[in-house]
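Reviewing the structure listed below.
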Amino acid sequence: MVKTKTLKYTFSFILIAFALESAAQDPDRKGLSLGADLSRLASPLIDSTGFGWEFSGDYEFFNDLFGAVEIGSQTIDLNKAFYDYHSSGIYTRLGAEYNFGKHLDVLPGDKMFIGLRYAFTTFAHSAENIVIEDGNWGNFSGGSVANRWIFANWMEVSAGMRAHLFHNFYLGWSARIRIRLGVTDDPVLAPYSLPGYGPAWNDTGVGINYSLYYKIPLTISFKKKEKKAEGE
Amino acid sequence: MNARLPSRFFLILATGLWLVSACDVPPCEQEGVFLNGTFYHFDGSTLQDTLFDSLRIYLGNEELLLLSDQSGSSVGSFRLPLSANDEQSRFVFLFGNELSDTLIVHHTASLHLLSHECGFVHFFELTDVETGAGVIDSVWIRKPRVDYGEDENIKIYF
Numbered sequence: 000m001v002k003t004k005t006l007k008y009t010f011s012f013i014l015i016a017f018a019l020e021s022a023a024q025d026p027d028r029k030g031l032s033l034g035a036d037l038s039r040l041a042s043p044l045i046d047s048t049g050f051g052w053e054f055s056g057d058y059e060f061f062n063d064l065f066g067a068v069e070i071g072s073q074t075i076d077l078n079k080a081f082y083d084y085h086s087s088g089i090y091t092r093l094g095a096e097y098n099f100g101k102h103l104d105v106l107p108g109d110k111m112f113i114g115l116r117y118a119f120t121t122f123a124h125s126a127e128n129i130v131i132e133d134g135n136w137g138n139f140s141g142g143s144v145a146n147r148w149i150f151a152n153w154m155e156v157s158a159g160m161r162a163h164l165f166h167n168f169y170l171g172w173s174a175r176i177r178i179r180l181g182v183t184d185d186p187v188l189a190p191y192s193l194p195g196y197g198p199a200w201n202d203t204g205v206g207i208n209y210s211l212y213y214k215i216p217l218t219i220s221f222k223k224k225e226k227k228a229e230g231e
Numbered sequence: 000m001n002a003r004l005p006s007r008f009f010l011i012l013a014t015g016l017w018l019v020s021a022c023d024v025p026p027c028e029q030e031g032v033f034l035n036g037t038f039y040h041f042d043g044s045t046l047q048d049t050l051f052d053s054l055r056i057y058l059g060n061e062e063l064l065l066l067s068d069q070s071g072s073s074v075g076s077f078r079l080p081l082s083a084n085d086e087q088s089r090f091v092f093l094f095g096n097e098l099s100d101t102l103i104v105h106h107t108a109s110l111h112l113l114s115h116e117c118g119f120v121h122f123f124e125l126t127d128v129e130t131g132a133g134v135i136d137s138v139w140i141r142k143p144r145v146d147y148g149e150d151e152n153i154k155i156y157f
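Residue numbers (numbering that gives the first Met the number 0), protein chains in the order written: chain A, 0 to 231; chain B, 0 to 157.
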């Protein structure tokens with residue numbers, strides 16, 4: 000457990016340090032940013048019982064106001080001496096972000112933002128070979144539960160930053176506070192972990208993302224227009 | 000303002016949030032899940048706690064002694080394990096040497112995966128409680144959900 004946490008923190012600090020050292024030299028430009036959550040891709044190295052992925056997209060519709068969408072998946076496979084548990088599902092987040100970096104005089108291309116998300120997930124879970132020791136009434140053994148579907152939704156408040164690396168690549172992170180709105184009340188098998196949210200028994204949760212982005216430029220930068228004018 | 004100053008602030012904030020998120024796994028409860036009950040009697044106009052000098056509780060058909068309080072101090076509450084292999088659990092209460100009654104608790108059970116290490120546990124939902132023709136007057140289900148903790152689930156009236 001200590002080794003797992005050490006690896007997580009080391010990975011986190013390496014990525015954050017890399018982001019902070021990057022300097023945006025390119026002018027600010029509008030475009031569609033597509034991102035991949037690197038922490039999701041690396042998590043199987045730390046915890047082999049689960050894996051998932053998350054991709055995102057955002058676009059600046061108005062000045063410093065971005066629309067964002069995130070789609071991800073989570074799978075959990077547990078094979079223990081007293082039970083087998085399997086869970087798999089997808090989640091979606093929709094929301095907006097406001098870039099307040101200009102008020103802090105950040106470098107062009109960098110972004111410091113706060114955001115809001117509405118999120119929901121649908122997943123199926125099942126369990127087999129369940130054994131629960133009971134010295135009073137006798138052990139409960141051989142229990143199994145076939146696939147049962149769960150739906151949950153929640154709100155997220157986020158804050159983070161994004162820094163320009165090179166060309167059209169950016170690296171960023173965001174911290175999230177999650178507030179659960181609702182979850183299916185399964186009377187047979189209670190949900191364990193909600194994809195994209197975390198432990199199902201928590202009414203609130205926190206999370207952090209580390210993502211690599213590629214911005215597809217949709218407009219020509221101001222400096223390039225000036226250079227063209229000078230060349231003419 | 001230098002852009003790196005607020006970014007360091009958020010670095011600290013994000014690290015703190017991640018530390019918090021890594022510490023939200025519930026501990027393994029070694030003692031299990033119990034139904035908690037308390038004894039009461041109606042003293043004219045008010046409800047009073049009821050204490051017994053001696054209390055023995057048997058599981059099922061008087062086969063297993065669940066509780067025997069001979070410490071000399073009065074007993075006013077108890078906790079009972081429920082059966083996950085059946086939809087009812089039966090108990091026999093002996094108050095002192097003469098008074099007795101039977102308690103049958105009807106319930107449903109649901110499975111909860113606590114954590115990778117702790118595995119599964121049953122939580123229960125009380126649906127009905129029956130008593131025999133003994134000293135217990137009535138039983139009221141105060142909190143139908145039986146899970147971890149010491150919240151009172153049933154009130155037994157004399």
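C-beta atoms are modelled at their ideal positions from N, C-alpha and C, and glycine is treated no differently.
Small disclaimer: the values here were computed from a predicted structure and weren't measured.
At the 8 Å Cβ level, is residue i part of the contact set with chain B, yes or no?
i	result
A:K79	yes
A:N98	no
A:D310	Since the first residue shown for chain A is 0 and the last is 231, residue 310 of chain A is missing from the structure and cannot be characterised.
A:A126	yes
A:A41	no
A:G142	yes
A:V187	yes
A:I129	yes
A:F122	no
A:G114	no
A:G66	no
A:W148	no
Return helix, strand or coil for residue i, following the three-state DSSP convention.
i	result
A:S42	helix
B:K142	coil
A:H102	helix
A:L217	coil
B:L81	coil
B:L113	strand
B:L50	coil
A:L211	strand
Please decide whether residue i counts as near chain A, where near means a Cβ-Cβ distance under 8 Å.
i	result
B:G118	yes
B:H40	no
B:L125	no
B:H105	no
B:A83	yes
B:S109	yes
B:P143	no
B:A2	Its pLDDT being 44, under 50, B:A2 is placed unreliably in this model, and the coordinates cannot settle the point.
B:L58	yes
B:L112	yes
What residue from the options has the CA that sits closest to residue i's CA?
i	options	result
A:A199	A:R175, A:N152 and A:F168	A:N152
A:G141	A:I89, A:E132, A:W148 and A:I149	A:E132
A:A123	A:D109, A:W148 and A:I129	A:W148
A:G51	A:S32, A:N135, A:Y84 and A:L37	A:L37
A:Y212	A:A162, A:I178, A:D185 and A:G206	A:A162
B:I135	B:V74, B:E86, B:H106 and B:L93	B:L93
B:I155	B:V32, B:L58, B:V104 and B:F119	B:V104
B:L102	B:F122, B:N96, B:E124 and B:I56	B:I56
A:E53	A:D46, A:S47, A:A41 and A:L106	A:A41
A:G94	A:M154, A:G137 and A:A35	A:M154
A:N98	A:L217, A:G204, A:I215 and A:A67	A:A67
B:F51	B:T130, B:Q87, B:D42 and B:F38	B:F38
A:D185	A:S125, A:P216, A:G34 and A:L164	A:S125
A:R179	A:T121, A:G204 and A:L164	A:G204
A:W136	B:G118, B:T107, B:C117 and B:A83	B:A83
A:T183	A:L217, A:L193, A:R175 and A:R177	A:L193
What whole-angstrom Cβ distance do residue i and residue j have, given they're in contact under 8 Å?
i	j	result
A:E69	A:R39	So it is not a contact: roughly 11 Å between Cβ atoms.
A:I129	B:L110	7 Å
A:S173	A:G159	3 Å
A:A118	A:G195	6 Å
A:T48	A:I75	6 Å
A:Y84	A:Y191	7 Å
B:L125	B:N96	Going by Cβ atoms, the distance from B:L125 to B:N96 rounds to 30 Å, so no, they are not a contact pair.
For the stretch 165-185 of chain A against the stretch 59-76 of chain A, are there 3 or more C-beta pairs whose distance is under 8 Å? no
Three or more C-beta pairs below 8 Å linking the stretch 70-82 of chain A and the stretch 97-117 of chain A: no
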